[in-house]
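Please read the structure below before turning to the comments.
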Amino acid sequence: MTPDTAPDITPDTAPDHSPEAISAQNAGAASAQDVASEDDVEAVRRQGKIRISEIFGPTVQGEGALLGMPTVFVRTGGCDFRCSWCDTLYAVDPTFRADWLPMDATAILDRVKQLSNNQPILITLSGGNPAIQPLAPLIQLGQQQGFTFAIETQGSIARKWFATLDHLTLSPKPPSSGTVFNANDLAACIAAARSPAATGTTPPLPHPALPSP
Numbered sequence: 009m010t011p012d013t014a015p016d017i018t019p020d021t022a023p024d025h026s027p028e029a030i031s032a033q034n035a036g037a038a039s040a041q042d043v044a045s046e047d048d049v050e051a052v053r054r055q056g057k058i059r060i061s062e063i064f065g066p067t068v069q070g071e072g073a074l075l076g077m078p079t080v081f082v083r084t085g086g087c088d089f090r091c092s093w094c095d096t097l098y099a100v101d102p103t104f105r106a107d108w109l110p111m112d113a114t115a116i117l118d119r120v121k122q123l124s125n126n127q128p129i130l131i132t133l134s135g136g137n138p139a140i141q142p143l144a145p146l147i148q149l150g151q152q153q154g155f156t157f158a159i160e161t162q163g164s165i166a167r168k169w170f171a172t173l174d175h176l177t178l179s180p181k182p183p184s185s186g187t188v189f190n191a192n193d194l195a196a197c198i199a200a201a202r203s204p205a206a207t208g209t210t211p212p213l214p215h216p217a218l219p220s221p
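Going by the working numbering, 133 is the number at position 125 of the sequence shown; the sequence numbering is gapless.
Dropping the structure here:
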């Protein structure tokens, strides 16, 4: 699939991204006490594990460009945002970290296959923010077995493996979330998804999900 022209990601006003401004404006954002330590996250990564909040389906995608598609959701644990109206705090707040199961790619895919009766299906990677997790091995293993992958992320963290996805949904958070929009971060995510250097193959088409006010 050949990407179209990049969407206009210029905000109405240029946000102030200084530490002071972010501290003042991000009332709903993750605080230093709430976020899992980098050492803790890295320890899980070194084990080749992904923090999983839940895996469920098959169900039908209820929103976005893939509306109506049968899918199994793989919801990861952990997020770099704290949206004021978040409806999945159990996959965001480290208070629930004990409920997040570290799983490797094989174990995750085995669970998906149990739910799909061993039939290849669209796997939707959600969160939290799934871009925090080391998902490249899972995507590679699943695609080798006929599965396709979509990710839903706010566009705050760019990963090289975005280019290996079949579908990328970027959903910048609006002012009502209490978080600060960073156009540069979003642009980096789009660039990562469109980079053929990561795989040598045609990258996916990002699906921008326009925020509501």
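We put the CB at the ideal spot given by N, CA and C, even for glycine. Remember, it's a predicted structure, so these values are computed and weren't measured experimentally.
Worksheet entry | CB-CB length for Cys87 against Gly186, believed under 8 Å | Your numbering for residue 87 matches position 79 in the sequence shown. Your numbering for residue 186 matches position 178 in the sequence shown. At roughly 13 Å, the Cβ-Cβ gap does not stay under 8 Å, so Cys87 and Gly186 are not in contact.
Discussion item. Here's a check: name, in chain order, each residue in its chain whose Cβ is nearer than 6 Å to the Cβ of Glu71, leaving out the five neighbours to either side.
Written reply: One-based indexing of the sequence shown puts residue 71 at position 63. The beta carbon of Glu71 lies closer than 6 Å to none in the same chain, with the five residues before and after it left out.
Worksheet item: How about the segment 148 to 157 and the segment 125 to 133: do they share at least three Cβ pairs that are nearer than 8 Å?
Response: A contact exists between the segment 148 to 157 and the segment 125 to 133.
Worksheet item: Any chance the segment 66 to 81 sits against the segment 109 to 116, with 3 or more Cβ pairs inside 8 Å?
Response: The segment 109 to 116 and the segment 66 to 81 do not touch, with fewer than three beta-carbon pairs separated by less than 8 Å.
Worksheet entry | Inter-residue Cα distance where the pair is Leu178 and Gly163 | Within the sequence shown, the letter at position 170 stands for residue 178. Within the sequence shown, the letter at position 155 stands for residue 163. Taking the straight line joining both Cα atoms gives about 5 Å.
Item to complete: Decide if Arg105 is buried, meaning its Cβ has at least 16 other Cβ atoms within 10 Å, or exposed.
Response: Reading the sequence shown from its first residue, position 97 is the one you call residue 105. Result: exposed.
Discussion item. Could you compute how far the alpha carbon of Thr96 sits from the alpha carbon of Gln152?
Written reply: Here residue 96 corresponds to residue number 88 of the sequence shown, with the count starting at 1. Here residue 152 corresponds to residue number 144 of the sequence shown, with the count starting at 1. Roughly 31 Å separates the two Cα atoms.
Item to complete: Give the straight-line distance between the Cα atoms of Ala201 and Thr172, rounded to the nearest whole angstrom.
Response: Position 193 of the sequence shown holds residue 201. Position 164 of the sequence shown holds residue 172. Straight-line spacing of the CA atoms in Ala201 and Thr172 works out to 8 Å.
Worksheet item: From Cys197 to Ala166, what distance separates their C-alpha atoms?
Response: Your numbering for residue 197 matches position 189 in the sequence shown. Your numbering for residue 166 matches position 158 in the sequence shown. Rounded to the nearest angstrom, the two C-alpha atoms are 4 Å apart.
Worksheet item: Based on Cα-Cα distance, which residue from Trp93, Tyr98, Gly76, Gly85 lies nearest to Pro183?
Response: Residue 183 sits at position 175 when you count from the first residue of the sequence shown. Comparing C-alpha distances from Pro183 to each of Trp93, Tyr98, Gly76, Gly85 shows the shortest one belongs to Trp93.
Worksheet item: Can you tell which of Leu75, Ser61, Ala139, Gly76 has the C-alpha that lies nearest to the C-alpha of Thr103?
Response: Along the sequence shown, one-based indexing puts residue 103 at 95. Of the residues Leu75, Ser61, Ala139, Gly76, the one whose Cα lies closest to the Cα of Thr103 is Ser61.
Discussion item. According to DSSP, is Arg105 part of a helix, a strand, or is it coil?
Written reply: Against the sequence shown, residue 105 aligns to sequence position 97. It is helical.
Worksheet entry | Ser203 versus Trp169 - alpha carbon distance | Looking up residue 203 in the sequence shown gives position 195. Looking up residue 169 in the sequence shown gives position 161. Rounded to whole angstroms, Ser203 and Trp169 show a C-alpha spacing of 10 Å.
Discussion item. Strictly by DSSP, which residues pair up with Val80?
Written reply: Along the sequence shown, one-based indexing puts residue 80 at 72. Partner(s): Ile131.
Worksheet item: Ordered along the chain, which non-local residues of its own chain (more than five positions away) have a Cβ less than 8 Å from that of Leu149?
Response: Start at 1 with the first residue of the sequence shown, and residue 149 comes out as number 141. The residues are Ala113, Thr114, Leu117.
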